[in-house]
Amino acid sequence: MIQFYVPLNFLGMIYREIKQAMVDIEAMFTVLARDPEIKDAPGAPGLVVSGGTVRFEDVRFAYDPEREILKGVTFEVPAGRTVAIVGPSGAGKSTLSRLLFRFYDVSEGRITIDGQDIRQVTQDSLRAAIGMVPQDTVLFNDTIAYNIRYGRPGASDAEVEEAARLAQIDGFIRATPHGFRTEVGERGLKLSGGEKQRVAIARTILKAPPILVLDEATSALDSHTEREIQSALDRVSEGRTTLVIAHRLSTVVGADEILVLAEGRVAERGSHAALLAKGGLYAALWNRQREAESAQEKVRAAEEEL
Ligand code: ATP
Numbered sequence: 003m004i005q006f007y008v009p010l011n012f013l014g015m016i017y018r019e020i021k022q023a024m025v026d027i028e029a030m031f032t033v034l035a036r037d038p039e040i041k042d043a044p045g046a047p048g049l050v051v052s053g054g055t056v057r058f059e060d061v062r063f064a065y066d067p068e069r070e071i072l073k074g075v076t077f078e079v080p081a082g083r084t085v086a087i088v089g090p091s092g093a094g095k096s097t098l099s100r101l102l103f104r105f106y107d108v109s110e111g112r113i114t115i116d117g118q119d120i121r122q123v124t125q126d127s128l129r130a131a132i133g134m135v136p137q138d139t140v141l142f143n144d145t146i147a148y149n150i151r152y153g154r155p156g157a158s159d160a161e162v163e164e165a166a167r168l169a170q171i172d173g174f175i176r177a178t179p180h181g182f183r184t185e186v187g188e189r190g191l192k193l194s195g196g197e198k199q200r201v202a203i204a205r206t207i208l209k210a211p212p213i214l215v216l217d218e219a220t221s222a223l224d225s226h227t228e229r230e231i232q233s234a235l236d237r238v239s240e241g242r243t244t245l246v247i248a249h250r251l252s253t254v255v256g257a258d259e260i261l262v263l264a265e266g267r268v269a270e271r272g273s274h275a276a277l278l279a280k281g282g283l284y285a286a287l288w289n290r291q292r293e294a295e296s297a298q299e300k301v302r303a304a305e306e307e308l
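With the numbering used here as the guide, the letters of the sequence shown map in order to residues 3 to 308.
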C-alpha cells in the first residue's frame, strides 16, 4: 500500500507544481513584456490611492529610439470617471496602458496617480491598484470557478458566483455540464472570445481595483455579445477611474471624455457628440466604422437568407 502512496503523493506534488508553473507562465509573459531595467526606487513607498486620479503629463515614449511613438501626451482621468482612447491602428493606444502599468518607463514627462509619480512607488502596489481586462484572456486549465477566483484567491464561492452574475456569465456557466466546476482551457470546455472576456470581467470585479484599464478586443463580436459585454463593463467601471482603450468606436459613446490619438499626440478631445459635430478625425473614423459595420450586417443578413 505504502508503495502506491508514495508515487501518488509524488504525482500530486508534480500536478501542483505544474499548476503553479501555469500561473507562473502568465507572470512570465508579464515579465517578458516589460523592460528589465525597471526596478523599484530604493526605499520606495507603496502607492496610496485616495480617489484614483490618473494623469499623463507631457508623456514621450519610444520602444526604439529611432521611432518615437508618443510625442507629448497630456490628459487626466479624474477619479471615478471614464476616458476612452481611440485612434488609428498603431497610434499607441495600448502603449498608454503598458506605461500606466510601468512595464516601460516614459522617456520624458510623467504619469501620476493621485499626485504620486508611478516611478516613485513600488511596482507591486501600483499593479495591485489597477485592474486590467485584456484583449485576450488566458484561461488556466482548471475549473471556471478557479479562473474567476484568480482575481482574489481568498474569495468565497458566493463571491465568485456574484462576480459571475455581475459579469453576465453566470447563465452560461450554469448551463455547462458541471456549472462552476466545469473544466475549461485546452483539455476542457473551449470558451469563445466573448465568454473569455466575461470571465476576465468577473475576475476584475473580484479584484475590485480603484483603477481599471479596459483593452477592448479588436476582433468583431456579434452585436448581442457586444451589448452583453458592454453592460458588464459599464457595471464594473461604475465609480472606478477607467481608461478604455477602444478599438471599436461603438463602445466609447458614453465615456466622459474621448481622446483621439494620432501621430503620437492627442489630436482631438471631447464628448462623442462634440467630436462628431466637429467633423474632424473622430467623425471620419466613426463614419468609416459605421460603413464597415453596415456592410458586415448586409453580408450577415444575406448569409441568413441562404
Ligand atoms: P491597435 O489599435 O492596432 O491595437 P495601438 O494604437 O494600440 O494599435 P500600440 O500597440 O500601442 O498601438 O503600438 C504602437 C506602435 O508601437 C506600433 O507601431 C507598434 O508596432 C509599436 N510597438 C508596440 N509594441 C512594441 C514593442 N514591444 N517593441 C517595438 N515596437 C512596438
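Note that CB positions come from ideal geometry on N, CA and C, so glycine has one too. Computed from a predicted structure; not experimentally measured.
Min CB distance residue 274 to chain B below 8 Å: Of the protein chains in the structure, only one exists, and it is not chain B.
Bounding residues of the beta strand (DSSP E) (the contiguous stretch that carries residue 259): 259-264
Segment contact, 8 Å Cβ cut-off, at least three pairs: the stretch 107-118 with the stretch 294-301: no
C-alpha gap between residue 242 and residue 55, whole angstroms: 10 Å
Sequence-distant residues of its chain with Cβ nearer than 6 Å to residue 248 (five each side left out): Counting only Cβ-Cβ distances below 6 Å, and skipping sequence neighbours, we find 86, 88, 218, 254.
Candidates 100, 42, 62, 206: closest to residue 267 by CA position: 62
Three-state secondary structure (DSSP) of residue 141: DSSP places residue 141 in coil when its eight states are reduced to three.
Beta-carbon contacts of residue 244 that lie in its chain and below 6 Å, excluding the five residues immediately before and after: 84, 214
Distance between residue 169 and residue 196 (C-alpha atoms, nearest Å): 11 Å
Span of the beta strand (DSSP E), counted from its first residue to its last, around residue 132: Unbroken beta strand (DSSP E) run through residue 132: 132-135.
Outcome for residue 94 when other beta-carbon atoms lying within 10 angstroms are tallied against a minimum of 16: buried
DSSP beta-bridge partners of residue 73: 62
Residue span of the alpha helix (DSSP H) that contains residue 196, given as start and end: Residue 196 -> alpha helix (DSSP H) spans 195-209.
Contact set for residue 148: own chain, Cβ-Cβ below 7 Å, skip 5 residues either direction: Cβ neighbours of residue 148 beyond the five flanking positions: 142.
Cβ pair residue 283, residue 257 closer than 8 Å: no
Whole-angstrom C-beta distance between residue 49 and residue 128, which should lie under 8 Å: 5 Å
Coil, strand or helix - residue 126 by DSSP: helix
Assigned secondary structure, residue 253 (DSSP; H/G/I helix, E/B strand, else coil): helix
Check whether residue 161 and residue 182 have beta carbons under 8 Å apart: no
Close-in-space but distant-in-sequence residues of the same chain around residue 269 (CB under 8 Å, 5 per side omitted): 89, 262, 263, 282, 283
heavy atom of the ligand ATP below 7 Å from residue 73 C-beta: no
CA-to-CA distance, residue 211 to residue 235, given in whole angstroms: Taking the straight line joining both Cα atoms gives about 14 Å.
For residue 64 and residue 39, the rounded distance between their alpha carbons: 15 Å
Selected residue, minimal CA-CA separation from residue 230, among 306, 209, 167: Checked all of 306, 209, 167; the closest Cα to residue 230 is 167.
Limits of the alpha helix (DSSP H) - the one that residue 97 falls within: 95-102
Three-state class that DSSP yields for residue 245 in the structure shown: strand
Residue 104, buried or exposed, once every other Cβ within 10 Å from all chains shown has been counted against 16: buried
Identified DSSP bridge partners for residue 118: 115
Distance between residue 207 and residue 292 (C-alpha atoms, nearest Å): When the Cα atoms are used, residue 292 and residue 207 turn out to be separated by approximately 31 Å.
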